[in-house]
């Protein structure tokens, strides 16, 4: 019941983007740190929450800019290439359907 909520669908679609952005966020944080840090509970919780927020923000942007457009292009290409054909390939009817020509009423 709880797992069927619509909010989980949004988070599910963003999961891979957040995963990719988390490594980037962590590297930026580590590379910009000039001094050693004391690892206390408050410092770790602050760091965790900041990384989580930045990762989800960057993952959301990445999902909107990269992942969703490619998903839509993939869906269009899949629908284009997987059109069902009712007749056998190479028969006259299949050629007429692809071009849109009706041979019975061509003289009218």
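Numbering (the UniProt record's numbering), first residue to last: 92 to 199.
Glycine residues also receive a C-beta, built at the ideal position from the N, C-alpha and C atoms.
Measuring only the C-alpha atoms, how far is residue i from residue j?
| i | j | result |
| --- | --- | --- |
| residue 116 | residue 142 | 7 Å |
| residue 131 | residue 118 | 20 Å |
| residue 120 | residue 155 | 24 Å |
| residue 166 | residue 95 | 24 Å |
| residue 149 | residue 124 | 20 Å |
| residue 105 | residue 135 | 25 Å |
| residue 92 | residue 98 | 12 Å |
| residue 102 | residue 163 | 18 Å |
| residue 100 | residue 127 | 39 Å |
| residue 122 | residue 174 | 50 Å |
| residue 160 | residue 114 | 23 Å |
| residue 144 | residue 133 | 16 Å |
List the endpoints of the continuous alpha helix (DSSP H) containing residue i.
| i | result |
| --- | --- |
| residue 123 | Segment: none, residue 123 is in no alpha helix (DSSP H) and carries neither H nor E. |
| residue 138 | 132–153 |
| residue 165 | 159–172 |
Check this for me: beta carbons of residue i and residue j, under 9 Å apart or not?
| i | j | result |
| --- | --- | --- |
| residue 112 | residue 153 | yes |
| residue 109 | residue 147 | yes |
State the DSSP-derived secondary structure class of residue i, mapped to helix, strand or coil.
| i | result |
| --- | --- |
| residue 99 | helix |
| residue 129 | coil |
| residue 92 | coil |
Taking 9 Å as the threshold (beta carbon to beta carbon), is residue i in contact with chain B?
| i | result |
| --- | --- |
| residue 145 | Of the protein chains in this structure there is only one, and it is not chain B. |
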